[in-house]
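Structure, as structure tokens:
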Amino acid sequence: MTDSQTDAVRPDNGAGNTDSAPVVRLTEVSLRYGKTQALDAVSLDIPAGKMIGLIGPDGVGKSSLFALIGGARKIQTGRIEVLGGDMADEAHRRLVCPRVAYMPQGLGKNLYPTLSVFENTEFFARLFGHGRLERERRIAELLEATGLAPFADRPAGKLSGGMKQKLGLCCALIHDPALLILDEPTTGVDPLSRRQFWELIDRIRVAQPGMSVLVATAYMEEAMLFDWLVAMEDGRVLATGKPQELLRQTGSATLEEAFIALLPQEKREGYQPVRIPPREEGAAAEIAIQAQDLTKRFGDFVAVDHVSFQISRGEIFGFLGSNGCGKTTTMKMLTGLLPPSEGKAWLFGHPVDPHDIDTRRRVGYMSQSFSLYTELTVRQNLELHARLFRLPIDRIPARVREMSGSFDLTEVMDALPDALPLGIRQRLSLAVAMIHGPEMLILDEPTSGVDPVARDAFWQIMIGLARRDKVTIFISTHFMNEAERCDRISLMHAGRVLVSDTPARLKAERGTETLNEAFISYLEEAAAEDQAPQLAASPPPSPAAAVTQSPEQGGESVKHQWVDLRRLFSYTRRESLELRRDPIRLALALWGTVLLMFVLGFGITMDVEDLTFAVLDRDQTTTSRDYSLNLAGSRYFIERAPIRDYDDLERRMRSGEISLAVEIPPGFARDLSRGRPVAVGAWIDGAMPQRAETVRGYVRGIHNHWLITRTAEALGSRSVAGLVEVETRFRYNPDIKSLVAMVPAVIPLLLMMIPAILSALSVVREKELGSIVNLYVTPVTRLEFLLGKQIPYVALAMLNFFLLTLLAVTIFAVPLKGSFLTLTAGALLYVIAATALGLLISTFMRSQIAALFGTAVITLIPAVQYSGMIDPVASLEGAGALIGKIYPTTYFLTISRGTFSKALHLSDLYASFIPLAIAVPVLIVLSAVLLRKQER
Amino acid sequence: MRFANILHLGIKELRSLSRDPIMLVLIVYAFTFSVYSQAKAVPETLSKAPIAIVDEDRSPLSNRIIAAFYPPYFLPPEMITWSEMDAGMDEGRFTFTLDIPPGFQRDVLAGRQPRIQLNVDATRMSQAFTGSGYIQTIITDEVNAFVRRHRIEAPPPVDLELRVKFNPNLNKAWFGAVVAVINQITMLSIILTGAALIRESEHGTIEHLLVMPVTPFEIMTSKVWTMALVVLAASAVSLTVVVQGLLSVPIAGSLTLFLAGTVLLLFATTSMGIFLGTVGRTMPQFGLLIMLVLLPLQTLSGGRTPRESMPYIVQYVMLAAPNTHFVMLAQGILYRGAGLAIVWPQFLALAGIGAILFGLSLARFRKTLGTMT
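Line by line, the protein sequences give chains V and A. Just so we're aligned, residue 1 is where the first sequence starts under my numbering, counting upward by one. Just so we're aligned, residue 937 is where the second sequence starts under my numbering, counting upward by one.
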């Protein structure tokens, strides 16, 4: 590309003219997933150099919009311009991608949970092509600025929600983006961490004034601080403007109210603000829940640390805190789901006992995520729970009707929960929790992800239950306006309850206006007490040092090579680290082939030995005994006790005790010596046809041998044995042992199946867990991604190859007669082809389970049936023959058998190397072409 | 423990399964198409074996022998020279090469018993052993028929009357069909039960069950009985409709007795499914475990290849697996028509193994429940 092009797509970062061109321009953008219309003709200009907020409940299209802007998702209709170019144009995407940072929704969705904080940031730094020193400097600065430095070695999966978000931010900022896209970065994060997070963003913006930040959030109080807002609902933009403008437009005091006011009429229908009648005095007498020094440890991690509280009957008690602060664990201990490590809890005066079935009937529990049976209809869910709670059978229909009425579910009784909106599902969960008329409800974040209107409706119901029916409600939330509605709240942080009191008194004590500020003040106090290192970030290093503006920004990323080894090896390193930390996958990778080699080596043997037989000897002469001794003397047969009569014969054959029964007729010796025709009878167990056929062959052979020796004895050595002698030479495997034949064939089979499965899983796993988004939005190319992932599996497969060869030579005692070097070279080409085949399959698969079984079937059938393992390829015809001719196993099988059994070398086998050498690039290029660089 | 809970939870399992299209397709496929195709696909021992002949005699007799090799057992023989023989065998182009020496016909007629050389690629086990037997017979028959004009053979002094019991024609489809059913029973019972458990822990519904007045024993038992019932019904239908009906395989013994044995096997394998479901926490992990567990279980149980040919250590270790006993029982009842008087030891063993597995799984299930949610 030319310099002028490069300049054209890069808007001037100079301060003065940031307002001139929008950073993002959307024109009539629509998106649908199947039947769902996620975005409906959205047109929007987003001003540059500002902090822009997208507000609106879950599922209105915020995330879809961000994915489109970030280039992670393919544009269906409409036009999107980012940083001055069309995002439908691949060249432009490649060009701007190093200047856009996209942090998807979900706590650490694009992070790798088994990798440490440092390893995660390093992975991204390598993708953006920084050198080692530059990389280490940037990582150190960012970790220091976010306060993650003390946790550099902790796996990302073990971080709290707030820390995960900070880590996500570190990874996004590693390359000084001009556009930062943050999709709900603070959902589920405690107020203090949230504030620190925004302070961090502010400092970064000071250091980089030209940077535009796009944020989606569900917290309206946060949105108030942004420069410009976009309110969204149902895939459309309701309104845009500065926060104050929105308030003025709708005449509301808070953004939350403004948002409700902006909703179309039919959505607002039936909405009324929540009002809480005061509790009756004197109701506090009876204690419903009491906890004393409840403690829970997982290993050396203390999840809940000496928590004590009392909740009286009919009270609404709120639990506030971030994700991972111990709310859920405390609730689980109260319900008996988790045994406490220390401390005690009482429900209705009875100690909590997981085996106390009766107490469970007095408690209703609703867990954090929707956890009812999605395969059962609303009615079936209600009925099942009614039965399990042992409601009398005759009362169940009435009770189900009653619940459906009071929770407004009557119209959806026969629908499946998946088809219902989140708000209705939450009502169903609550109805299920209430079906048995419990005296107490334990609700774990029942309203997260629910839109404001549905959330208020939910609270109306709960307030009714508490005030009218005197149900004790223990609820956790991280919405401050919900906390204000509780009778009393506990602020929880890092496993400890900081304080418990009424919301009004908490605010009064701290002298703050909002509960949020009161909470932050308590959190700061707690942090000061125990010097919690994650809070030591404030005061931070000076903003300028925190994120140094690199003058040559973007310069190194613009030169775009086809394959950049640094990015490629970044994926290799990451893949190896992850594999090393996943015991089940590692076990399959290391020992899977060895185990299966044992199983197949011993299991699929075609040798038939140690067959049991017995004789019904009606002659009882030396001749007849000689005949049976002749059988017993062979290495194939083992003689059992003689057969008494036909009944005995029948019974013993039926039970499978003997596979062969021989009957010698009376007068056998006499007739034989007189030259009269005699016949020996033999019955073979035909249950296993293959074995029966072999037995038949053996018996015939032994019988003939006996005849020849006898005639030779009788007539002297010069007998007429036959007209022709067929001299059979079993080559390569003179003892015709199954193992010698099977082992060189099993090695290619296993080196195809297991490496292909593993490499397919490695890609599909990223698709399923969401980290594939890193391929979409970072400069890594498809080829780098695939090759980087392939390398560790090739290495593993080679290790497997050496193990299998060692096993073959030692335990299975199959000699390797030919060139080991030739075999190794063939194996290397072959496993590269096998892993590439896995990558190719992965481009079609969506879920890991499908990739696992799909790859097994797709690789196994051609390998077993069409590659000459059982029948030579020459014996095949039609499609089978074609598959056999192009499938890599065919050629490695020839190499393996050639070197193991036929004592061949490279000069004899080079013809089989050529197809393998062709297969490798073909498969890899095909996978790269079929792999998507954007989500559809 | 309340039977009502086990019943209601079980009905819930059946409803869940009925709304899981992938599992339903898997069940139907496994017990119909898969059984049918496996029965049909059992390879004949010798089919289109590639053979090459070096004819140094070029006589009517040698031509007669060459003409005797034709499909389906052999590919039409390729005529080669002596020097091409080794290379062809090395490259694996031919499984057999036959060398007819010069003066062959003359020597046969003169009763000089000439030697004909047969080279066999013994790395091809499936063709090598039976194929060489066929070739010997073909040569002997052809030579005999050719010579018959000149001499009259005396019948052999002792005749061997070979009879095959239970499957007189050694029809391989009979064997393949029943083996397929046996393998599907094991596979599906483990997959269905494990998947039912993992589905609950992935959806978080297991947590929900635990706050209700139900015990782990009830939860586990409800899964065991329903999945066992589904597999039992599917295998009964498969045996009567597909195996007996479509494939017209005769079943020698009592189907009821076999199904009774199946119940015992299912008791053991569904418990195993629960166990694996607690080890692999997600479907992908469970899938990997299945691959590592199922294949040994099926291959080494004696269903496909005879147990007595396996090393002793494998034979003994496999006695702990329920499949081994089930294969003995199934072969006894289905192929040989054995009654309870004969197969009771297998019933006893299955019940014992089932009880142990159920106990172990229940203990592990209880222990891991807290961490499953």
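Virtual Cβ for every residue (Gly too), placed ideally from N, Cα, C.
Item, Value
"Keeping to the same chain, check which residues put their C-beta closer than 6 angstroms to that of residue 902(V); ignore five residues upstream and five downstream.", "732"
"Is residue 607(V) close to chain A? Criterion is C-beta to C-beta, closer than 9 angstroms.", "yes"
"Is it the case that the region 1135 to 1149 of chain A contacts the region 958 to 973 of chain A, given that we only count it when at least three CB pairs across the two stretches are under 8 angstroms?", "no"
"Tell me residue 1198(A)'s beta-bridge partners as DSSP assigns them.", "Per DSSP, none; premise fails for residue 1198(A)."
"Straight-line CA distance for residue 631(V) to residue 830(V)?", "47 angstroms"
"Could you check whether the Cβ of residue 1228(A) sits closer than 9 angstroms to any Cβ belonging to chain V?", "yes"
"Would you tell me roughly how many angstroms separate the C-alpha atoms of residue 1062(A) and residue 688(V), rounded to the nearest one?", "16 angstroms"
"Which residues in the same chain as residue 1234(A) place their Cβ atom closer than 6 angstroms to its Cβ, once the five residues preceding and following it in sequence are excluded?", "1119"
"Please go through the same chain and pick out, in chain order, the residues whose beta-carbon is closer than 6 angstroms to the beta-carbon of residue 302(V), but skip the five residues on each side of it.", "495"
"Spell out whether any CB of chain A is found under 9 angstroms from the CB atom of residue 645(V).", "no"
"On a CA-only basis, which of 1026(A), 1237(A), 1249(A) is nearest residue 1260(A)? Give me that one, please.", "1237(A)"
"If you draw a straight line from the C-alpha of residue 64(V) to the C-alpha of residue 1289(A), how long is it?", "53 angstroms"
"Does the separation of the CB atoms of residue 1294(A) and residue 1172(A) fall below 9 angstroms?", "no"
"Applying a beta-carbon distance threshold of less than 7 angstroms, which residues of chain A neighbour residue 688(V)?", "1111, 1242"
"In chain order, what residues of the same chain lie with their CB nearer than 6 angstroms to the CB of residue 427(V), ignoring the 5 residues before and after it?", "407"
"Assuming residue 948(A) is part of the alpha helix (DSSP H), what are its boundary residues?", "939 to 954"
"In chain order, what residues of the region 1182 to 1206 of chain A put their CB closer than 7 angstroms to some CB of chain V?", "none"
"Just the C-alpha distance for residue 1155(A) and residue 414(V), rounded to the nearest angstrom, thanks.", "25 angstroms"
"Indicate the three-state DSSP secondary structure (helix, strand or coil) for residue 491(V) in the structure shown.", "strand"
"Let me know the secondary structure DSSP gives residue 88(V) once reduced to three states.", "coil"
"When the Cα of residue 945(A) is compared with those of 156(V), 387(V), 338(V), which residue comes out closest?", "387(V)"
"Contact criterion: CB-CB distance below 9 angstroms. Does residue 1143(A) meet it with respect to chain V?", "yes"
"Compare the C-beta of residue 757(V) with all C-beta atoms of chain A and state if any pair is closer than 9 angstroms.", "yes"
"Between the Cα of residue 1005(A) and those of 1182(A), 962(A), 992(A), 986(A), spot the shortest distance and give me the residue it belongs to.", "986(A)"
"Among 508(V), 362(V), 599(V), which residue has its Cα nearest to the Cα of residue 441(V)?", "362(V)"
"Give a yes or no on whether the minimum CB-CB distance between residue 944(A) and chain V is below 9 angstroms.", "yes"
"Can you tell me whether residue 150(V) is helix, strand or coil according to DSSP?", "helix"
"Taking only beta carbons into account, state which residues of the region 728 to 743 of chain V come closer than 9 angstroms to chain A, listed in chain order.", "728, 729, 730, 731, 732, 733, 734, 735, 736, 737, 738, 740, 741, 742"
"Given a threshold of 16 other Cβ atoms within 10 Å of its Cβ, counted over all protein chains shown, does residue 393(V) qualify as buried or as exposed?", "exposed"
"Please identify, using Cβ separations under 9 angstroms, the residues of the region 578 to 608 of chain V that lie next to chain A, in order along the chain.", "582, 584, 585, 587, 588, 591, 592, 595, 596, 598, 599, 600, 602, 603, 604, 605, 606, 607, 608"
"Would you say residue 760(V) faces chain A, with C-beta separation under 9 angstroms as the test?", "no"
"What residues of chain V sit near residue 993(A), judged by a beta carbon separation below 7 angstroms?", "None at all; the shortest Cβ gap to chain V is about 12 angstroms."
"Can you pull the chain V neighbours of residue 1097(A), defined as C-beta to C-beta under 8 angstroms?", "679, 680, 681, 682"
"Give me the chain A residues within the contact set of residue 894(V), using Cβ-Cβ distance strictly less than 9 angstroms, ordered along the chain.", "1027, 1028"
"List, from N- to C-terminal side, the beta strand (DSSP E) runs of 3 residues or more that fit wholly inside the region 1066 to 1121 of chain A.", "1094 to 1101"
"Could you name the residues that DSSP lists as bridge partners for residue 293(V)?", "According to DSSP, residue 293(V) bridges with nothing at all."
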